[in-house]
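Protein chains in written order, with the numbering used here: chain Z, 130 to 469; chain S, 130 to 469. The beta-carbon is built from N, C-alpha and C at its ideal position, and this holds for glycine as well.
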DNA sequence: CTGAAAGCGCTAACAC
DNA sequence: GTGTTAGCGCTTTCAG
């Protein structure tokens, strides 16, 4: 299949550098790897030779000899890739890439086919990478967790079941974010605050429910007006209709994501109610749905780039043998716009 | 910096497979690489051994020996990465990743720092990759083109100046897309069609102007109502205000992207005009701005995932030594919604 | 502190 | 067809 392609090493080898600097290859290797026990003069000579020759170490050779690849994989389940346009996910990739750019590590994007997950597993276990980052979006799927015992792994998003293989993961503090959002509604004087959340088998759906309930309970408010959606605008529309149809007073709404909030807007409007006059609304995610809706949606902003950066940073630390916490929770920020 | 991490090869070596299958290492290598001249029986024996041992070839060793890396880089200028949330770009990445998943190649994401572009150049030229894909979004920046002489490169987006190093690139057919958009406006009976386009030093801005002009000229319509923006909503708002302030009749508008169209909506509304009643509007990009505006925007959809797929496919073909066209133009599709 | 020597796991002529 | 023999370019004991 692939032939013809033999670039024919255009860069000089370590050997050439050694010759030019008048030292052994071992010494050049030491300099390149920053070994402390090399005379300053020798270091200078070698570095000059490296610069003169424009030498670049060969990754494959280095990897083969050191039994380290200097590669970390970013594993993206195919289903997540489908929603790649999801800006939240795109930002994570960006954060990972930026964070890794400052290290010796190289980023390998792997789309793991759901029909053939073994291909990815074999790739990861085949000594091709030093570690891996696994993102699974809202699903909390940690099916790769078992690999964690033999390969350093860091997950994006907490696992559905906490006990699951005791993975390392970084996530946004969904509970706190939802609590803050709800408290904001309460501060605005709302008392009958409904919730539209996501499936309770997804961490995001569950945690945002928890945060809302914490705030409601703390304020001594009734926390029974709850409807469930699937994070889509359509489901938000339906959920709000059900809430409204129940006939109980509602002057505030917290939706577990902006898309469902956008759907809820429609239901609120079709019921002849105004936002925020009759119903104040807070969303979650701070995506374009919230930004472009009328009125602009007050929502919870998540540090998506920061999430990616944190994932990468934590993996690199683990690879360096430094101790790191298994769980890293990133703070959210309430963005107040005109819907509250 | 990075120590401690020595996974300690958990997978068996080719040697082990050879021993188990009772053949030489060379033969195992042949089987693994699908050489045609190996007895069916031997192939079977080797494959069984491979399966039994759960053998996975070591990439570094293979790469070192074959002088081929089986890696292709996806180079993203840092400035583009900033707008990573740009769904168009995210889709390209997705397309590339998906397309590469079916090949022997692995995807290396490289964020090229603009402050230190040499780092990326050295990485690319250091024999770390077999080829590279370079995306530069709307800018048409082909500053890596020079590398194309020594490393197979495929660009996303056409270069600003066509002659520039005669790069290989794939792009969306902006001219045709803009022409179709404008023709649609004409078919709807509009005659005074204005244009808001982007900077003329960006291919996207220039080509969309060209397509609009072609359609206008072909229909014998006046093509002088033109304003320029920078692809942002704010610039679209300003541009439309200027157009309207000029006092000449306008019953149609083609905006070179949806974001500027969204801005133009505001200007049209503030002038007390209706869409599409008074002014029919067509955008370009088919992003969420157009989808969420009121009324939903008729726009030109670009095959963004297809663009990424095409880039990867073309690079892989080049690496395989197959002849491929330097230029690949992907067709666009007009999405008719309620603004026309 | 520096050099010599022995591989890392695999591929690619070259023989047989 | 299959085995033998050299390395690919680098790191890493082990001497000195």
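Cβ of residue i within 9 Å of any chain Z Cβ
i	result
residue 391 of chain S	yes
residue 179 of chain S	no
residue 394 of chain S	no
residue 207 of chain S	yes
residue 193 of chain S	yes
residue 422 of chain S	yes
residue 345 of chain S	no
residue 360 of chain S	no
residue 244 of chain S	no
residue 164 of chain S	no
Residue i - partner residues in DSSP beta bridges
i	result
residue 326 of chain Z	Z/357
residue 238 of chain S	Z/236, S/203
residue 462 of chain Z	Z/430
residue 381 of chain S	S/322, S/409
residue 260 of chain Z	Z/201
residue 300 of chain S	S/458
Cβ neighbours of residue i in the same chain (closer than 7 Å, five flanking residues each side left out)
i	result
residue 146 of chain Z	157, 175, 178, 179, 182, 184
residue 365 of chain S	325, 358, 384, 388, 389, 390, 391, 392, 393
residue 334 of chain S	326, 327, 328, 385
residue 192 of chain Z	198, 199
Buried versus exposed, by CB contacts within 10 Å (16 or more), residue i
i	result
residue 308 of chain S	buried
residue 477 of chain S	Since the first residue shown for chain S is 130 and the last is 469, residue 477 of chain S is missing from the structure and cannot be characterised.
residue 468 of chain Z	buried
residue 300 of chain Z	buried
residue 374 of chain S	exposed
residue 353 of chain S	exposed
residue 346 of chain Z	exposed
residue 237 of chain Z	buried
residue 151 of chain Z	exposed
residue 456 of chain Z	exposed
residue 330 of chain S	exposed
residue 406 of chain Z	exposed
residue 414 of chain S	buried
residue 162 of chain S	exposed
Alpha helix (DSSP H) segment containing residue i, residue limits
i	result
residue 435 of chain Z	433 to 448
residue 252 of chain S	246 to 252
residue 365 of chain Z	362 to 374
residue 304 of chain Z	303 to 316
residue 414 of chain S	Looking at the DSSP string, residue 414 of chain S is not in any alpha helix (DSSP H); the run it does join, the beta strand (DSSP E), is 409 to 414.
residue 265 of chain S	Looking at the DSSP string, residue 265 of chain S is not in any alpha helix (DSSP H), and its letter there is neither H nor E.
residue 273 of chain S	Where residue 273 of chain S is concerned, there is no enclosing alpha helix (DSSP H), given that its DSSP letter is neither H nor E.
residue 404 of chain Z	From DSSP, residue 404 of chain Z is part of no alpha helix (DSSP H); its letter is neither H nor E.
residue 342 of chain Z	332 to 347
residue 392 of chain S	387 to 399
Neighbour flag for residue i against chain S, beta carbons, 9 Å
i	result
residue 204 of chain Z	no
residue 299 of chain Z	no
residue 167 of chain Z	no
residue 440 of chain Z	no
residue 158 of chain Z	no
residue 256 of chain Z	yes
residue 304 of chain Z	no
residue 264 of chain Z	no
residue 431 of chain Z	no
residue 145 of chain Z	no
residue 186 of chain Z	yes
residue 230 of chain Z	yes
residue 251 of chain Z	yes
residue 240 of chain Z	yes
Opening and closing residue of the beta strand (DSSP E) in which residue i lies
i	result
residue 282 of chain Z	282 to 285
Own chain residues within Cβ distance below 6 Å of residue i, not counting five before or after
i	result
residue 232 of chain S	445
residue 462 of chain S	430
residue 306 of chain S	429, 461
residue 355 of chain Z	324
residue 464 of chain Z	415, 428, 430
residue 418 of chain S	387, 388, 391
residue 283 of chain Z	262, 297, 440, 443, 444
residue 311 of chain Z	341, 344, 383
residue 339 of chain S	304
Close beta carbons around residue i, own chain, < 8 Å, minus the five adjacent residues each side
i	result
residue 434 of chain Z	220, 221, 223, 224, 227
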